[in-house]
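>
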Amino acid sequence: MPRLRPRFNDWPTPRIELADTPDPACTVCAGKGGFEVPELDNESAYTEPCDCFDLGACYRILPVPRFVARLFFGYRASSADPWADAPY
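Going by the working numbering, the letters in the sequence shown line up with residues 5 to 92, in that order.
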């Protein structure tokens, strides 16, 4: 059974959604949601998600108007495209 918690998400539009959380009693990841797996070169590592929660379990429950998102969540809509080329 998923352990859902509310969270604010600002992409693509401001909204409140229910997201799954890791099991705090999990013996594999100790409630962190994943565990570090070393790479073969011994210099880097990546995090492998644990089976105690589902990363895709996220349910949109309430769209938030932009003025409410600015007031309570500090939402700032970017006016410029971050992937656009610089103007010449």
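Ideal placement from N, C-alpha and C gives every residue a C-beta, glycine not left out.
Residue range of the alpha helix (DSSP H) that Arg80 falls in?
Taking the first residue of the sequence shown as 1, we reach residue 80 at position 76. Counting along the chain, Arg80 falls outside any alpha helix (DSSP H), and DSSP gives it neither H nor E.
> What does DSSP give as the partner residue(s) for Cys62 in the beta ladder?
In the sequence shown, residue 62 corresponds to position 58, counting from 1. Cys62 is bridged to Ala23.
> Expressed to the nearest angstrom, what Euclidean distance is found between the alpha-carbon atoms of Glu40 and Cys30?
Here residue 40 refers to the residue found at position 36 of the sequence shown. Here residue 30 refers to the residue found at position 26 of the sequence shown. One C-alpha to the other measures close to 15 Å.
> Taking 8 Å as the threshold (C-beta atoms), are Pro28 and Gly38 in contact?
On the sequence shown, residue 38 is found 34 positions in, with the first residue counted as 1. On the sequence shown, residue 28 is found 24 positions in, with the first residue counted as 1. Cβ atoms of Gly38 and Pro28: not closer than 8 Å.
> When the distance is taken between beta carbons, is Cys56 closer than 8 Å to Pro26?
To locate residue 26, count along the sequence shown from 1; it is residue 22. To locate residue 56, count along the sequence shown from 1; it is residue 52. Result yes, Cβ atoms of Pro26 and Cys56 sit closer than 8 Å.
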